[in-house]
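Numbering (the working numbering), first residue to last: 16 to 190.
Note that beta-carbon positions come from the ideal geometry of N, C-alpha and C, so glycine has one too.
Because the structure is a prediction, the values reported are computed rather than measured.
Take a look at the structure set out below.
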């Protein structure tokens, strides 16, 4: 099982990301992973030997050709290809690998563990990033009790009724 702390370390905004297996086709999941990381203003490089560009960004044929070493490699290729990608990660000294659902294989996971590579698998980087983005937003909107039976943050009214707001911790109710 992947720890929440490990997920946070992978999703650190200071990390450089590479998405191996990215697609230029907007309908493909492999494209959406790259686009989500890019839209989140993370530094991310697309990697695919069969594509020249994605969303106007230069696409690199391999991890070896990137202008800098990524901190996190997000893999969206079939499991057999993942097994080769993790070997390249080891050669390049990359210590964090995220295998998107459907990309993982037990052999690739075992290889990472045996070679000191932190690995996330069975969970989607897009969902985890968005979950944390939402949690951070809700945390920043939380109120401290300041008197009175119920105070609602004015910016939180868009979330709906007071009962719905209570579930997200956006109101404080005097006990």
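In the three-state DSSP reduction, residue 140 falls in the helix class (H, G or I). In the three-state scheme derived from DSSP, where H, G and I count as helix and E and B as strand, residue 101 is classed as helix. Distance from the CA of residue 144 to the CA of residue 66, rounded to the nearest whole angstrom, comes to 26 Å.
Residue 49 and residue 77 have their C-alpha atoms spaced approximately 15 Å apart.
Per the Cβ contact rule, the region 79-88 is in contact with the region 109-117 (3 or more Cβ pairs under 8 Å). Per DSSP, residue 111 lies in no alpha helix (DSSP H); the unbroken beta strand (DSSP E) holding it starts and ends at 111-114. Apart from the 5 residues on each side of it in sequence, residue 52 sits with its Cβ closer than 6 Å to the Cβ of 32, 59 in its chain, given in chain order. Under the three-state reduction of DSSP output, residue 48 falls in the helix class. Cβ-Cβ distances below 6 Å link residue 57 to 32 in the same chain, with the five nearest sequence neighbours on each side left out; the list follows chain order.
With a cut-off of 8 Å on Cβ pairs, the region 112-121 is in contact with the region 131-141, counting three or more such pairs. DSSP lists 35, 114 as the beta-bridge partner residues of residue 90. Looking only at 29, 28, 69, 30, the smallest Cα-Cα distance to residue 45 is reached by 69. The C-beta separation of residue 97 from residue 123 comes to about 5 Å, placing the pair in contact by the 8 Å criterion. Looking at the DSSP output, residue 61 shares a beta bridge with 34.
If you look at residue 23, you'll find it in the alpha helix (DSSP H) that goes 19-25. Residue 54 sits in a helix when the DSSP states are folded into three classes.
Here residue 35 has 62, 63, 78, 88, 89, 90, 91, 92, 100 as same chain residues with Cβ atoms under 8 Å from its own Cβ, once five neighbours each way along the sequence are excluded.
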